[in-house]
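J.: Sharing a structure, written as structure tokens. Questions coming.
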Amino acid sequence: MNYGELNQWFLREQQWALLLILAAPLAGALFSYCTISLGPRRQMLAGWIAVCAAFVSFAVSVCFWLFLDWSAEGGAANSGVFLFPWIAAGGLHLDAALKLDSLSLTMILTVTGVGTLIHLYAIGYMAHDHSKPRFFSYFNLFLFFMLLLVLADNLGLMFVGWEGVGLCSYLLIGFWHQQMPNARAGQKAFVVNRIGDAGFLLGMFLLAAEVGSLDFDAVQDQIAYLNPWAIEAACMLLLLGAVGKSAQIPLFVWLPDAMAGPTPVSALIHAATMVTAGVYMIVRLSPLYNAAPAVQFIILALGSLTALLAASIALVQYDIKKVLAYSTVSQLGYMFMALGAGAYSYAMFHLVTHAFFKGLLFMAAGAVITGCRHEQDMRRFGGLWSPMWGTFIAYLAGTYAIAGLPLGSGAYSKEAILWAVYTAPDTAAGLTLFNLVSWGGLFWGIGLAVAFLTACYMTRSLVLTFFGSYRGEGEASESSATMLVAMAVLIPPAMFFGHSRGIPLLESLRPWARQDLLLSQSELMRDDLYRALEHIALFAAGAGVVLMLLAYSIGRGFMMRLGNCIPERINPLCCKWWVDELYEYLIVRPLAFTARVLFFAVDRKLIDRSIDLSAEIAGASGQMLGLLHTGRIGHYLLIMLAGLFFGAAFWLVF
Amino acid sequence: MTVTAFSLAVGLVLFLLGALGVLVRRNVLIVLMCLELMLNGANLSFVALAQAFGDLAGQVFVFFILAIAAAEAAVGLAIVLCVFRNYRTVDVNEAASLHG
Amino acid sequence: MEAAIVILGVLITVCACGVVFSRQSLHSALWLVAVLFLAGAYFAVLDAGFLAVVQVLIYAGAIVILMVFVIMLLGADAGAVKSVFRLPAYLGGALGGMLAGVLIVFALSGAKVELAPVKGSGLGGGTAEELGRELFGRYLFAFETIGVLLFAALLGAVILAAEQKRPLTPGRGLRAVQEVRKAEIKENVD
């Protein structure tokens with residue numbers, strides 16, 4: 153069979169292929185759990201089953217990418233499959249149907265590609281864990297729900313995937329639930345996400361009421377006829393869902409705690425894929441958001457604030473995974489900035505590059521952690537480049553990419569976003585700040601500061617971990633082969649994916665771009681403003697790197713004094729800007745108080761008492777009726793005779 | 536008053552005396568005997584009516600009742616033995632574990 | 017015939033009163049024997065010769081003897097009472113009286129139905145032969161069934177009355193389970 157025939161055959165069978173993408177991880181989840189009946193040594197099979205399942209999904213996704221024509225202008229290829237009518241209630245019809253277009257293709261390629269590698273990595277990472285079947289089953293289940301979320305062709309089905317990934321996230325954060333902090337972290341993630349999900353649900357209801365359908369296509373067609381306020385409200389509510397899932401202000405507090413899970417979980421779910429679901433959802437509904445300028449402005453503001461806040465916190469963290477977690481929040485802030493600026497394709501671009509380099513960074517961090525006997529404190533690392541040079545190269549590449557240094561993938565996506573923010577139309581009714589700076593300029597400034605901070609904290613973590621002298625105990629050792637292979641495969645895309653500016657990707661995402669955005673390399677290069685901004689951003693990143701290198705080599709004493717001059721207790725960075733404490737006093741405590749009042753006043757006194765009372769009434773009446781049962785045969789006979797007598801009398805009389 | 540009517544009256548008296556005994560006596564053995572009295576009252580009526588109508592079916596029924604009475608007496612007396620073994624009494628009111 | 021019946025009827029009633037109102041169960045049993053003998057005689061008068069014999073043989077001969085045995089077994093004075101009547105007894109008597117009234121009303125209203133005896137009926141004295149033809153003819157099935165009933169009653173009486181010498185022991189299935197458990201425990205210890 154030559155290539156052409158293969159192509160034809162695939163096109164004919166593409167519906168089955170689309171189903172296979174979903175079915176493979178689901179089957180993998182079931183089968184890998186079945187290995188629980190095997191002996192502890194053979195349970196490693198679970199990992200390989202999971203990897204194979206993820207790889208099948210990835211391979212089929214690649215086939216879709218190769219065999220379908222994605223470059224066609226306007227009528228880009230798309231594929232869909234109708235499974236079954238799902239909900240038919242009144243005027244609302246929801247189908248379980250899948251939809252593959254360039255946007256979801258981008259997502260599934262990223263999810264399955266990075267996912268396969270992290271599955272492979274997890275085999276090495278979890279080698280000594282005792283519940284491998286459970287882990288890999290959850291992992292594959294997560295992949296299934298994520299793909300369902302991405303491939304859904306209406307909001308309802310997307311919500312199924314949305315909740316499913318939330319569930320898997322909860323299960324995996326609390327994977328080592330024998331320790332209380334891990335279980336609590338899982339609960340926190342779950343509860344915080346529920347707040348966002350409530351917004352998602354309400355937004356969905358509003359759309360269903362206004363549009364009468366939840367199909368993305370139907371929503372898009374109806375936008376012109378909708379009440380602008382309804383659009384704003386629906387967008388705002390859905391944004392709440394996205395903010396919860398993608399860890400933005402005010403719901404970002406769960407993500408740093410989610411690092412309690414195993415590192416592959418952090419890499420796959422809390423860095424590369426699941427947290428981007430909010431971004432994906434907004435891109436998917438971009439026509440709606442384009443019609444809601446106020447919400448767009450809010451997204452822009454939230455994104456930039458989150459990016460700045462998280463980056464500033466990341467600067468002082470000592471836990472290597474916490475640094476990466478805050479970094480993730482910060483990078484997601486970038487994506488939200490792009491969304492707010494209407495540059496949906498740039499958001500997707502950054503999403504993909506971020507998945508690559510943050511996945512890589514987390515894998516490297518996990519390798520360091522296992523290499524140092526599950527130590528996570530960077531103060532106990534140092535000089536690790538020689539015992540684990542493979543991991544060092546991976547971490548270096550990831551840092552290079554995320555810091556936005558020249559030619560790294562992060563540089564391209566980040567600069568594109570900064571440019572888009574700078575040129576963003578003044579969304580909030582042409583407001584300018586003191587008539588001096590446009591809002592776009594302000595947010596660009598924040599973005600630039602974040603770029604600088606990103607370079608700073610990543611360089612800091614790199615230096616603390618790999619340079620200097622080893623400060624931990626015992627010997628540090630390199631990780632297993634599967635982990636190194638997974639990292640090695642991910643290095644090239646993390647480094648070089650941006651070179652082509654993901655051209656095919658960005659081109660195919662043109663329907664999701666602002667009209668005035670420039671997409672191809674040549675277009676951008678010809679734009680003077682873009683080049684100027686690019687140079688400024690590169691300079692900021694470089695300055696951050698150089699500053700930190702200097703600070704931690706010759707200025708070590710100065711850094712120590714700087715750290716000591718503000719006690720940690722009142723340092724806003726070390727205290728994470730007191731956000732957790734604020735929520736504790738503002739929400740958690742009052743809620744707990746109300747719950748306690750309700751428990752004692754209503755539940756105990758009213759509900760429990762009434763139930764007890766009914767039981768007591770039944771018991772007392774039983775006691776009283778029981779007196780009739782004397783246990784004496786004579787009495788029974790007497791009653792029987794009386795019955796006989798009255799029966800006979802009745803019969804005689806009537 | 537015909538022979539049949541008189542015999543039925545005697546049967547009725549036997550039955551009622553038996554029923555009264557079952558009601559008022561507390562000795563379980565006497566209760567059993569009173570049951571036999573009630574059965575005999577019924578038997579007497581059957582035989583009287585068989586004679587009145589010239590039909591042997593009545594006598595056949597009496598025969599069966601005899602057999603059932605024998606069975607009842609055997610099982611009943613066995614139960615009395617069991618009760619006595621457990622309660623050390625033949626008073627039906629003492630063996631009243633089922634009272635409410 | 018009428019005279020014999022009247023005498024027998026009065027005697028039966030008196031003896032039945034003896035059964036009900038005796039203080040000692042043994043006296044009751046003796047009165048019962050008298051009732052049964054008299055009833056047998058009554059049967060004979062009413063053209064039921066075979067039944068009369070059976071009545072004496074089975075009732076007076078077997079059942080009452082059985083009762084007397086039980087009375088002796090439990091102690092002759094086990095159930096002796098000082099007073100037969102107590103408050104519920106009056107209540108029972110009243111109810112019994114009411115029932116009697118109802119039954120009498122029944123009997124009187126039934127008298128309206130033709131109750132006149134057929135003189136010189138075709139019973140022919142109710143001999144064993146006559147009764148046997150009926151029993152092994154029309155009533156064969158019922159006869160066999162009553163045999164099964166008697167057998168079941170026999171078994172039941174034996175099981176109920178038999179003294180249980182030893183407590184119930186586990187059967188073969190339970191024993192096997194216990195052995196497996198013992199083996200497991202032993203393995204764990206090893």
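Chains as they are written, first to last, in this note's numbering: chain H, 153 to 806; chain L, 536 to 635; chain X, 17 to 206.
Cβ atoms here follow ideal geometry from the backbone N, Cα and C, with glycine treated the same way.
Just so we're clear, the structure is a prediction, and the values are computed from it rather than from any experiment.
Could you check where the alpha helix (DSSP H) with isoleucine 600 of chain L kicks off and where it finishes?
T.: Start and end: 592-622.
J.: Determine, using beta carbons only, whether arginine 561 of chain L comes closer than 9 Å to chain H.
T.: Yes, arginine 561 of chain L lies at the interface with chain H (some Cβ there is under 9 Å from its Cβ).
J.: To which residues of the same chain is tryptophan 596 of chain H closer than 8 Å at the C-beta, ignoring the five residues directly before and after it?
T.: Counting only Cβ-Cβ distances below 8 Å, and skipping sequence neighbours, we find Leu570, Val573, Tyr574, Leu685.
J.: Considering only the beta carbon of each residue, do methionine 411 of chain H and serine 321 of chain H sit closer than 9 Å?
T.: No, the Cβ-Cβ distance between methionine 411 of chain H and serine 321 of chain H is not below 9 Å.
J.: If you reduce the DSSP assignment to three classes, tell me which class tryptophan 537 of chain H lands in.
T.: Three-state DSSP puts tryptophan 537 of chain H in coil, outside helix and strand.
J.: Could you spell out where the beta strand (DSSP E) holding tryptophan 664 of chain H opens and where it closes?
T.: Per DSSP, tryptophan 664 of chain H belongs to no beta strand (DSSP E) and is neither H nor E.
J.: Sorted by chain position, which residues of the same chain lie with C-beta nearer than 6 Å to glycine 318 of chain H's C-beta, five sequence neighbours on each side aside?
T.: Correct list, in chain order: Asn345.
J.: Check for me: the alpha helix (DSSP H) holding isoleucine 465 of chain H runs from which residue to which?
T.: Where isoleucine 465 of chain H is concerned, the enclosing alpha helix (DSSP H) stretches over 445-466.
J.: For leucine 558 of chain L, return the contacting residues in chain H, with the cut-off set at a CB-CB distance below 9 Å.
T.: Ordered by position in chain H, the residues that pass the 9 Å Cβ test against leucine 558 of chain L are Gly786, Leu789, Leu790, Leu793.
J.: Is valine 193 of chain X close to chain L, meaning its C-beta is less than 9 Å from at least one C-beta of that chain?
T.: No, valine 193 of chain X does not count as interfacial toward chain L.
J.: Please list the terminal residues of the continuous beta strand (DSSP E) segment that includes lysine 251 of chain H.
T.: Looking at the DSSP string, the run of the beta strand (DSSP E) that includes lysine 251 of chain H is 244-252.
J.: Note the first and the last residue of the continuous beta strand (DSSP E) segment covering phenylalanine 236 of chain H.
T.: Taken as a continuous stretch (DSSP letters only), the beta strand (DSSP E) holding phenylalanine 236 of chain H covers 231-241.
J.: Taking only beta carbons into account, state which residues of the segment 558-589 of chain L come closer than 8 Å to chain A, listed in chain order.
T.: No chain A appears in the structure shown, which is made up of the protein chains H, L and X.
J.: Which class does alanine 32 of chain X belong to by DSSP, given the choice of helix, strand or coil?
T.: Helix.
J.: Can you give me the C-alpha to C-alpha distance between phenylalanine 596 of chain L and alanine 602 of chain L, rounded to a whole angstrom?
T.: Distance between the alpha carbons of phenylalanine 596 of chain L and alanine 602 of chain L is about 10 Å.
J.: Taking CB distances under 9 Å as the criterion, tell me whether serine 632 of chain L reaches chain X.
T.: No, serine 632 of chain L lies away from the interface with chain X (no Cβ there is under 9 Å from its Cβ).
J.: Anything in chain L within Cβ reach of leucine 27 of chain X, meaning under 8 Å, just list it in chain order.
T.: Within chain L, no residue comes near leucine 27 of chain X; the closest Cβ sits about 10 Å away, beyond 8 Å.
J.: Counting only beta-carbon separations shorter than 9 Å, does leucine 156 of chain X have a partner in chain L?
T.: Output row for leucine 156 of chain X: interface = no.
J.: Which chain L residues are close to phenylalanine 59 of chain X, counting only those with a beta carbon under 7 Å from its beta carbon?
T.: By Cβ distance, chain L contributes Val582.
J.: With distances taken between CB atoms, is the gap from alanine 576 of chain H to glycine 492 of chain H smaller than 9 Å?
T.: Result yes, Cβ atoms of alanine 576 of chain H and glycine 492 of chain H sit closer than 9 Å.
J.: Pick helix, strand or coil for asparagine 306 of chain H, following the three-state DSSP scheme.
T.: If DSSP states are grouped into helix, strand and coil, asparagine 306 of chain H belongs with the strands.
J.: Please report the straight-line C-alpha distance between glycine 556 of chain L and cysteine 31 of chain X, rounded to a whole angstrom.
T.: Approximately 13 Å between the Cα atoms of the pair.
J.: Between glycine 338 of chain H and the rest of its own chain, which residues show a CB-CB distance below 6 Å, the 5 nearest in sequence each way excluded?
T.: Tyr322, Ile325, Gly326, listed in sequence order.
J.: How many angstroms separate the CA atom of glutamate 195 of chain X from the CA atom of threonine 415 of chain H?
T.: Each residue's Cα considered, the two are about 50 Å apart.
J.: From H:Cys524, H:Ile521, H:Phe357, pick the residue whose C-alpha is nearest to that of leucine 244 of chain H; which is it?
T.: Looking at the Cα atoms, H:Phe357 is the closest of the given residues.
J.: Are any of the Cβ atoms in chain H nearer than 9 Å to that of asparagine 628 of chain L?
T.: By this cut-off, asparagine 628 of chain L is an interface position.
J.: With a 10 Å radius around its C-beta and 16 neighbouring C-beta atoms as the bar for buried, classify leucine 390 of chain H as buried or exposed.
T.: It is buried - the Cβ of leucine 390 of chain H has at least 16 other Cβ atoms within 10 Å.
J.: Could you work out which residue in H:Lys566, H:Gly355, H:Gly620, H:Arg612 is closest to alanine 601 of chain H when comparing CA atoms only?
T.: Nearest of H:Lys566, H:Gly355, H:Gly620, H:Arg612 to alanine 601 of chain H, Cα basis: H:Lys566.
J.: Closest Cβ-Cβ distance between isoleucine 21 of chain X and chain L: below 9 Å?
T.: Yes, isoleucine 21 of chain X counts as interfacial toward chain L.
J.: I'd like the span of the alpha helix (DSSP H) that includes arginine 713 of chain H, first residue to last.
T.: From DSSP, the alpha helix (DSSP H) with arginine 713 of chain H extends over 708-717.
J.: For a test of the three-state rule: what should DSSP assign to serine 705 of chain H, helix, strand or coil?
T.: Serine 705 of chain H: helix per DSSP, three-state reduction.
J.: Check the Cβ of alanine 45 of chain X against every Cβ in chain L and list those closer than 7 Å, keeping chain order.
T.: Result: Met568.
J.: For the alpha helix (DSSP H) that contains tyrosine 377 of chain H, what are its first and last residues?
T.: Note, tyrosine 377 of chain H: premise wrong, no alpha helix (DSSP H); not H, not E.
J.: Rounded to whole angstroms, what is the Cα-Cα separation between glycine 599 of chain H and tyrosine 498 of chain H?
T.: Between glycine 599 of chain H and tyrosine 498 of chain H, the C-alpha separation is close to 14 Å.
J.: Assuming threonine 611 of chain H and valine 697 of chain H are in contact, meaning their beta carbons sit under 8 Å apart, how far apart are those beta carbons, in whole angstroms?
T.: Right, the Cβ-Cβ distance comes to about 5 Å (below 8 Å), so this counts as a contact.
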